[in-house]
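See below for the structure under consideration.
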Amino acid sequence: MKNKLVMNMYANTNSFGEVLKKTLENASRVDIAVSYLQMSGWHLLKKHFANVQPDNIRVLTTDQLGITHPAVLSDAIHTGMQVKSYSGDNLYHPKVYLAYDSNKKPIRAVVGSANVSASGFATGIEAGIEVKDVALVRELQRWFDHFFADRLAKCVDQNFIRAYEARWKSSSANRIRLRRLLMGLYKTRKSSKTPTTEDFDVLDDIFSAIRLPVATLGFDHAGNNIRNLRRLLEVLSRFPQVGDKERSELHLLGFLNGMGLTRLGLRARGARSEREIARHWCHWVRTTSEKSLAERNPRLISFRRAANQFWELRLDVRRYFLKNITSAAARSLLQTIELLCNGSPAVQNLSVEDFKSLSKLSLNVESLPEFIGRAVSDYLTNKGSRSWTNSDRRVVLESYGRTPSPSFLLRVYHDA
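Given below as structure tokens:
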């Protein structure tokens, strides 16, 4: 049988993702040796060997580069796959995928430049070969068996992942700097019209930690009756003469318990401005237990997580966001910043130029890996497209980030 070239983004050749699908979907056993695994590629790859028993899948990766995502390792071992990490002094950098028949004989392999990532499988410029020659496939099997049995290949268990995850999180800044360097951002890069491989990898890093529901950074966390601070002031001014939907939303936002106002609600009703009411509400969100927030409205937990992350962003990003909050021309960039505040701490190392590059990709659901697309859809179909024509996001964020005065700190909020 003839070997075939595998090349992404070139002529009419099949991509790595397409070839791997054909190679793995009918296999009874699978071996994978790659230097790193990203969530975006892992979600794609898992579909290709969905019919393979997990204990018939062996994965040999490495923690040397600090790029493999801990969540991939956790998913693999919890599924029942055999996973090892090569930890020798020599750089571990292969990309080999092996498929076996029901008699445990290797029948096909894919070798090349593609790691387990969305860009490696489709959008990055990659090249390799689909190996069908029996002698070569068997030699690749012997090669894999040799390194999988090597004493430097450590079994990956929960203890390994816990220790590795701490290192992985601490190296997020270095990963961002490396990708920025690769893109030429330090000296020469101007915003590219085409998303790059590094853009996909950055999104992979950030979205790996995202949790639904995805929050916005303003006050729109209930329904359609109380979407902004001005409307809240008006509703509270005529309480208790309010409708059932308004009561429901006052409860979701923390101002009402049962038929009566909470302590937050009582103080907010006495507020004379939108900024004052935002200050009361933000302090309540910051100081209320996660359990209490979850019982009232899970979106409040998401908001607190995203707002905390916002104030850890680079100064240039925070200034840009707050200055341009109602700018229609900057809308997609502002939405990208807000959306990514829901992700991992890797977002804290991005510059405005980085966000501009990512904005061309992050809101385009069809071009994204499935697990990222779900989060983007949740953001856009719920609150992410709303309330950009008023200044609520600026008022809320400034209230959330400002250090309260000592007299304000003396006021303790509890659910009534």
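Residue numbering for the sequence shown follows the numbering used here, beginning at 4 and increasing consecutively. C-beta: ideal position from N, C-alpha, C; glycine also. For clarity, every value in this text was computed on a predicted model and none was experimentally measured.
Since residue i is in the beta strand (DSSP E), which residue starts that stretch and which ends it?
i           : result
residue 351 : Where residue 351 is concerned, there is no enclosing beta strand (DSSP E), given that its DSSP letter is neither H nor E.
residue 7   : 7-10
residue 103 : 98-103
Does the Cβ-Cβ distance between residue i and residue j come in under 8 Å?
i           : j           : result
residue 337 : residue 352 : no
residue 118 : residue 217 : no
residue 307 : residue 320 : no
residue 62  : residue 30  : no
residue 378 : residue 210 : yes
residue 44  : residue 120 : yes
residue 146 : residue 69  : no
residue 339 : residue 371 : no
residue 277 : residue 230 : no
residue 102 : residue 33  : yes
residue 259 : residue 268 : yes
residue 354 : residue 317 : yes
residue 310 : residue 220 : yes
Can you tell me where the alpha helix (DSSP H) holding residue i begins and where it ends?
i           : result
residue 44  : 42-51
residue 27  : 19-27
residue 72  : No alpha helix (DSSP H) contains residue 72, which DSSP labels as neither H nor E.
residue 311 : 301-313
residue 288 : 277-290
residue 379 : 373-382
residue 211 : Run containing residue 211: none; DSSP gives neither H nor E here.
residue 338 : 334-343
Considering only residues of the same chain and omitting the five flanking positions on each side of residue i, which have a CB-CB separation below 7 Å?
i           : result
residue 190 : With a pLDDT of only 44 at residue 190, under the threshold of 50, the placement of this residue in the model should not be trusted, and no figure is reported.
residue 83  : 57 and 58
residue 13  : none
residue 395 : 221, 222, 231 and 232
residue 292 : none
residue 304 : 293, 296 and 297
residue 400 : 220, 310, 313 and 325
Report the partner residues of residue i according to the DSSP bridge assignment.
i           : result
residue 133 : 7 and 113
residue 61  : 34 and 85
residue 259 : 264
residue 158 : 87
residue 119 : 40
Is it buried or exposed, residue i, if we count other Cβ atoms within 10 angstroms and call 16 or more buried?
i           : result
residue 109 : buried
residue 98  : buried
residue 384 : exposed
residue 262 : exposed
residue 86  : buried
residue 158 : exposed
residue 11  : buried
residue 137 : exposed
residue 363 : buried
residue 194 : The predicted model places residue 194 with a pLDDT of 48, which falls under 50 and marks its position as unreliable; any figure quoted below should be read in that light. Looking at its Cβ environment, which holds fewer than 16 other Cβ atoms inside 10 Å, residue 194 is exposed.
residue 360 : buried
residue 94  : exposed
residue 410 : Model confidence at residue 410 stands at a pLDDT of 41, short of 50, so the residue's coordinates are unreliable; what they give is reported in the following sentence. By the 10 Å Cβ count, residue 410 comes out exposed.
residue 60  : buried
residue 149 : exposed
Can you give me the Cβ contacts of residue i inside the same chain, cut-off strictly under 6 Å, excluding the 5 residues immediately before and after it?
i           : result
residue 373 : 46
residue 402 : 281, 282 and 285
residue 207 : 41, 42 and 43
Looking only at its chain, what residues have a beta carbon closer than 8 Å to the beta carbon of residue i, apart from the 5 residues adjacent to it on each side?
i           : result
residue 134 : 6, 111, 112, 113, 114, 140 and 143
residue 107 : 31 and 32
residue 81  : none
residue 8   : 16, 130, 131, 132 and 133
residue 387 : 217, 219, 338, 341 and 342
Quick check: does the Cβ of residue i come within less than 7 Å of any heavy atom belonging to the ligand GTP?
i           : result
residue 338 : Annotation note on the ligand GTP: not contained in the displayed structure, which lists no ligands.
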